[in-house]
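J.: The working numbering numbers the first residue of the sequence shown as 291 and each following residue consecutively.
Think of the CB as a built atom: it goes at the ideal place given N, C-alpha and C, for glycine as much as any other residue.
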Amino acid sequence: MERRTFLRNSSLAAASLLLPNALRAQSPLEVRTNAEALQNLEDKALTTIAFGSCNNTAKDLSYWSIIQKDNPDLWIWMGDNIYADLTTLKQREARYNFLKTYPLYQDFRAKTAVIGTWDDHDYGFNNSSGTYWSREQSQALFCDFMDIDKYAATRSQDGVYQSYVFGPAGQRTEVILLDLRYNMNNSLTHRELLGEDQWRWFEDRMKSTTADLLVIGSSLNVTSPVALLGLEGWTGYPLEKQRLYDALSMTDKPTVMLSGDRHFAELYRVLLPSGKVIHEAMSSGLTHSTGAWLPHPGRISPMIGSKNYGVLKVDWTGTGPVINMQIKSCDSYGVLAEALTRYGA
Ligand SMILES: [Fe+2]
291 MERRTFLRNS
301 SLAAASLLLP
311 NALRAQSPLE
321 VRTNAEALQN
331 LEDKALTTIA
341 FGSCNNTAKD
351 LSYWSIIQKD
361 NPDLWIWMGD
371 NIYADLTTLK
381 QREARYNFLK
391 TYPLYQDFRA
401 KTAVIGTWDD
411 HDYGFNNSSG
421 TYWSREQSQA
431 LFCDFMDIDK
441 YAATRSQDGV
451 YQSYVFGPAG
461 QRTEVILLDL
471 RYNMNNSLTH
481 RELLGEDQWR
491 WFEDRMKSTT
501 ADLLVIGSSL
511 NVTSPVALLG
521 LEGWTGYPLE
531 KQRLYDALSM
541 TDKPTVMLSG
551 DRHFAELYRV
561 LLPSGKVIHE
571 AMSSGLTHST
581 GAWLPHPGRI
591 SPMIGSKNYG
601 VLKVDWTGTG
611 PVINMQIKSC
621 DSYGVLAEAL
631 TRYGA
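#1: Would you mind giving the Cβ-Cβ distance between Y422 and R481, rounded to the nearest angstrom? I have them listed as a contact below 8 Å.
#2: Kindly identify the DSSP beta-bridge partner or partners of Y599.
#3: On the criterion of 16 or more Cβ atoms from any shown chain inside 10 Å, does V450 qualify as buried, or is it exposed?
#4: Please return the same chain residues whose Cβ sits closer than 7 Å to the Cβ of A331, not counting the five positions on each side in sequence.
#5: Could you please give the first and the last residue of the uninterrupted beta strand (DSSP E) stretch that includes M368?
#6: With three or more C-beta pairs closer than 8 Å as the rule, is the stretch 427-437 touching the stretch 482-491?
#7: Does the pairing of the stretch 377-394 with the stretch 622-633 give three or more beta-carbon distances under 8 Å?
#8: Strictly by DSSP, which residues pair up with D605?
#9: Between G581 and G600, is the Cβ-Cβ spacing less than 8 Å?
#10: Taking the alpha-carbon positions, what's the G634 to G608 distance?
#11: Between the alpha carbons of W606 and D333, how many angstroms are there, rounded?
#12: Identify whether A374 lies in helix, strand or coil by the three-state DSSP scheme.
#13: Can you tell me which of the three DSSP states Y454 falls into?
#14: Below 8 Å, can you find three or more Cβ-Cβ pairs linking the stretch 524-540 to the stretch 562-571?
#15: Roughly how many whole angstroms lie between the Cα atoms of A501 and L467?
#16: Quick check: what's the CA-CA separation for Y441 versus C433?
#17: In whole angstroms, what separates the C-alpha of D448 from that of N614?
#18: With which residues is Y558 paired in a DSSP beta bridge?
#19: S256 and L394 look like a contact to me (Cβ under 8 Å); what is the Cβ gap, rounded to whole Å?
#20: Rounded to whole angstroms, what's the CA-CA distance from R632 to F415? Just pull it up for me.
#21: Can you give me the C-alpha to C-alpha distance between R552 and S498, rounded to a whole angstrom?
#22: Distance check for L626 and K359, CA to CA, integer angstroms please.
#23: By how many angstroms is the C-alpha of T479 removed from the C-alpha of V604?
#24: Would you call the stretch 468-475 and the stretch 341-349 touching, i.e. three or more CB-CB distances under 8 Å?
#25: Ligand 1 and G369: does any heavy atom of the ligand fall closer than 7 Å to the residue's C-beta?
#26: In the DSSP output, what is V505 paired with across the bridge?
#27: Quick check on the burial criterion: 16 or more other C-beta atoms within 10 angstroms. Buried or exposed for L630?
#28: Bridge partners for L630 per DSSP, in chain order?
#29: Do D412 and S418 have their beta-carbon atoms positioned less than 8 Å apart in this structure?
#30: Regarding D410 and ligand 1, is the C-beta to nearest heavy atom distance less than 7 Å?
#31: Once the 5 residues before and after K543 are set aside, which same chain residues still bring their CB inside 8 Å of it?
#32: Given this structure, state the Cα-to-Cα distance separating L431 from L561, to the nearest angstrom.
#33: Considering only the beta carbon of each residue, do T261 and W367 sit closer than 8 Å?
#34: Specify the secondary structure class of F492 as computed by DSSP and reduced to three states.
#35: Check this for me: beta carbons of R559 and G588, under 8 Å apart or not?
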């Protein structure tokens, strides 16, 4: 049987030995490190994956007690995890630390493995790209917040893209998190999102994955045909979007894209030119939302304009995963929208 590699590019090998003591006891509530929590999931078929984006730490953060009720296996930060536009690095670090020591989030982290990617407001500033002058220092602060191992490639490569594999053969989930900021070129004449190194890595993951479910995090909306009026999204990068769809078509594994950023939530089902069907669950934001009504031929939910987080519920009891994509309320515990997709028999 193939030997599974748990963490593809952010080696946690012997993580419990490598982590400094400071990471071991951040609060009396924390009975294990995040690395240990992730390792505990290595052989678990994930059944509850929660995610969210757009988290202004100056606003109400009490929603953590609501998300906790879902008891997720895994939490995925989908970007704009703090708002630190044009702050000094010290101020950015202070905002990360404020969130990390916020009691309800601390309690949540003590029970839940946490991974994530970033977007413009935590990376640099609104709509910031690869020209951001402090991107390397910002990468270090992000990795500290995420408890990424000090030897992991995520700290040294051009961007914070990562891949994680959970669960046994037949019930295996690979979570791939893209970095859309570090290599972004958003000039009018040259449109780029991932950069060649990240593209090669991602295409290799698509060709070689052994997962039964692919969950791919993109901070920006993937399938919306609208990228106007200041809204960012893959549609504003047509060649990159085509390359993404080509890469997703390299495997027939069930694929759910996660995204955020837009301050409202929707669920989509999209038929790629190759004939492959993908789903997208966009959740935004955790602390603020506005709502917008934009055309999308693949929308399979109402538009949710109130504060929200997302949950993927996965049932592995059949021959393929049955996936319930949910948008849930940050104001009171409950489902705002959901869509069920059944793979296999
Ligand atoms: Fe954003």
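T.: The short version:
#1: Not really, about 17 Å apart at Cβ, beyond 8 Å.
#2: K618
#3: buried
#4: Note on identity: in this sequence residue 331 is Leu, with Ala being the wrong assignment. Answer for L331: D363, L364, A403, F456, listed in chain order.
#5: 364-368
#6: Put simply, the stretch 482-491 does not touch the stretch 427-437. Fewer than three CB pairs are less than 8 Å apart.
#7: no
#8: V612
#9: no
#10: 7 Å
#11: Going from the Cα of W606 to the Cα of D333 covers about 14 Å.
#12: In the three-state reduction of the DSSP assignment, A374 falls in the coil class, being assigned neither a helical nor a strand state.
#13: strand
#14: Segments in contact, yes.
#15: 15 Å
#16: 11 Å
#17: When the Cα atoms are used, D448 and N614 turn out to be separated by approximately 34 Å.
#18: Listed as beta-bridge partners of Y558 by DSSP are E570, R589.
#19: The chain is shown only over 291 to 635; residue 256 falls outside these bounds and no answer can be derived.
#20: Here the alpha carbon of R632 sits roughly 40 Å from the alpha carbon of F415.
#21: 32 Å
#22: 16 Å
#23: Pairing V604 with T479, the inter-Cα distance amounts to about 42 Å.
#24: Output reads no: the stretch 341-349 does not touch the stretch 468-475.
#25: yes
#26: V465, V546
#27: Flag for L630 reads exposed.
#28: N614
#29: no
#30: yes
#31: T499, A501, D502, L503, L504
#32: 38 Å
#33: The question about residue 261 has no answer, for the chain in this structure spans 291 to 635.
#34: Judged by DSSP in its simplified three-state form, F492 adopts helix.
#35: yes
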